[in-house]
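To convert, count from 1 in the sequence shown and add 66; that's my numbering. Even glycine gets a Cβ: it sits at the ideal position worked out from N, Cα and C. As structure tokens, the structure follows; a few thoughts come after it.
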Amino acid sequence: MRNRKIFAVLICLAMIVALAVGCQNAETTSTTTGQTTTGQTTTASQGTSQTTTTEPPAEKVSLTYWALARWAGVNGTEEDGQIGDWQRDVAERYMAENPNVEEIEFEHVPGADIDQKLTVAIATSVQPNVLEDGITRGGKFARMDLLQPLNDYFTAEEMDDFLEGSWENGGIEVDGQYHMIPWSNSVQTMLINRTMFEEAGALDLLPQNEDRTWTYEEFRAAMEAVKSDSVYPSCFYLGSTAGDAYLYDFLMGNGVRLFDGDGNLSINTPETAETIDFIISMINDGLSVPGAETMVFSDDRELFKQQKTAVCFIGGYPQVKGEMDNGNIEAFEIGFAMYPNAEGKAPGLEANYIGYMVFKSESQVENDAAVGLAKFATNTENSKALKIVNLIPLRKSVGDLYPGDEFAAWTKRIFKYSEDPGYSLELYPTVTGEFIPMMQGLVGGDKTTEEALEDLEAYVISQ
């Protein structure tokens, strides 16, 4: 009987202690958070109280991811590698880091099919969340208000990690908002046979500054100095629109743009006529291979490789250097330079930016996850994969993927001059399609340059 009483007293004491401890914990939590403890976990350690908030589970999301993939395999060396393996690997790694993204459906879209596939997808509202492509189609989609603006997804520090001009020229800016994460760029540049200039005693006439710029007058003087009975200085080619970017680069060096900032045709200017007359004079004065009207870009490169011309407008340094290294062509010292520009004006280059864009979704969660995937694919580490296809990443933090490669280092410098000439504008193919026939006629002396430009402008406006 006595033992039962003692046991009852002990139970009462235990209940009193438990209640006291509970009250103390409740008081401590209230003091620490100033709010109720719903959705919170409170822990005590060495007399201190810590409160952590348990986040609600992230909303699950599935994404579609299309790319015009550029190499087979993840690292480009696998014998059984498939086109798009790298993108599939990116998707898997992104999902591993983002559990709320439960599925990413990837598809490689070949270049021959991508225009039609995207057109149909947009018409039926089944466009992908994420697209790896270029500035040409991307610019059109941005102007159609189909792409997610990206400014708010990047800090100033992140934006500054890109090479100069990358966002301004390759970010597809519309109404102050960027719509593509610029990933890489390629430009058509001029190659020079320095051995020929050395033999002609004219090395000092080549550009000496870091960007390798020169004026129209300096360019012509160098061409005149290297001309000989066996060598034509250059090969202007007007037989096709393929590879015609060099002509517009010549024009851009005099401040000419095919379209103004509002997308209006702006080619008919005195500066355009002046630059065209310069090109025609080079052809007619024997500073170019005869027959420019029928020459095409492959003629330009082949004659350069055969050392029958001193400069090459179509570029292709890696290809020419590779053929030398393989012993396919006789070796000579290759140089490179910008297309000429007018005194006091910047040179110009047509851009060929590639990058990542996100099609708008009605779901903000989907938009955020898609932008996250685009940022992940183009981050510092993933951008290093571009070396597989000899492309140059635009992120500074990638560092130098081509140490000791003078051409690669120079190319990174001159990206700042490259810009979109209006690829996505409806009238762009009309202008460029008519420009080459106009130039052919001018070589033949059919009209004055001013008359030809008036006719070109009238035709384009009528379309």
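Which residue's Cα is closest to the Cα of residue i: the options?
i      : options                        : result
PHE442 : ASP211, VAL196, GLU284         : VAL196
ALA474 : VAL322, THR338, PRO459         : PRO459
ALA229 : GLU144, SER484, GLN529         : It should be pointed out that residue 229 corresponds to Leu in this sequence rather than to Ala. Checking every option, the nearest Cα to that of LEU229 belongs to SER484.
ALA376 : GLU265, ARG323, GLY414, GLN148 : GLU265
MET210 : VAL240, TYR219, GLY147, VAL322 : VAL240
TYR405 : ILE480, SER429, SER347         : ILE480
ASN141 : GLN153, THR130, PRO503         : GLN153
LEU467 : MET361, LYS453, ALA403         : LYS453
ALA138 : ILE238, VAL509, HIS174, THR202 : HIS174
So, is residue i buried or exposed, given that buried needs 16 or more other C-beta atoms within 10 angstroms?
i      : result
ARG278 : buried
THR114 : Confidence is the limiting factor: at THR114 the pLDDT is only 38, short of 50, which leaves the residue's position unreliable and the question unanswerable from this model.
THR120 : Any reading at THR120 must be qualified, since the residue scores a pLDDT of 46, below 50, and its modelled position is unreliable; no value is offered.
VAL127 : buried
VAL192 : exposed
GLN112 : The predicted position of GLN112 is uncertain, since its pLDDT is 36 and thus under 50; no value can be drawn from it.
GLY309 : buried
GLY381 : buried
GLY177 : exposed
ASP151 : buried
GLU49  : In this structure the chain extends from 67 to 529, so residue 49 is not present and cannot be described.
How about residue i and residue j: are their beta carbons less than 8 Å apart?
i      : j      : result
ALA408 : ASN320 : yes
GLN243 : ASN217 : yes
LEU212 : ILE188 : yes
LEU271 : CYS378 : no
ALA311 : GLN385 : no
LEU317 : GLU523 : no
TYR314 : LEU304 : no
SER364 : CYS301 : no
LEU448 : VAL156 : Before going on, a small fix: residue 448 reads as Asn here, not Leu. Yes; because the gap between Cβ atoms is below 8 Å, this pair is in contact.
PHE398 : ASN235 : no
PHE172 : TYR131 : yes
ILE180 : TYR422 : no
THR307 : VAL322 : no
TYR419 : ASN251 : yes
ALA435 : LEU129 : yes
LYS411 : ILE400 : no
Thinking residue i and residue j are a contact (beta carbons under 8 Å), I'd like their distance in whole angstroms, please.
i      : j      : result
VAL464 : THR444 : With 8 Å as the limit, VAL464 and THR444 do not qualify as a contact, their Cβ atoms being about 10 Å apart.
ASP227 : LEU134 : No, ASP227 and LEU134 are not in contact; Cβ-Cβ is about 24 Å, not under 8 Å.
VAL526 : THR496 : 5 Å
LYS371 : VAL297 : Not quite, the Cβ-Cβ distance comes to about 14 Å (not below 8 Å), so this is no contact.
Under the three-state reduction of DSSP, which class applies to residue i: helix, strand or coil?
i      : result
GLU168 : strand
GLY465 : coil
ALA189 : helix
PRO194 : coil
ASN235 : helix
THR109 : Bear in mind that a pLDDT of 34 at THR109, under 50, signals an unreliable position, so the number given afterwards is only what the model happens to contain. In this structure, THR109 counts as strand in the three-state DSSP scheme.
THR444 : coil
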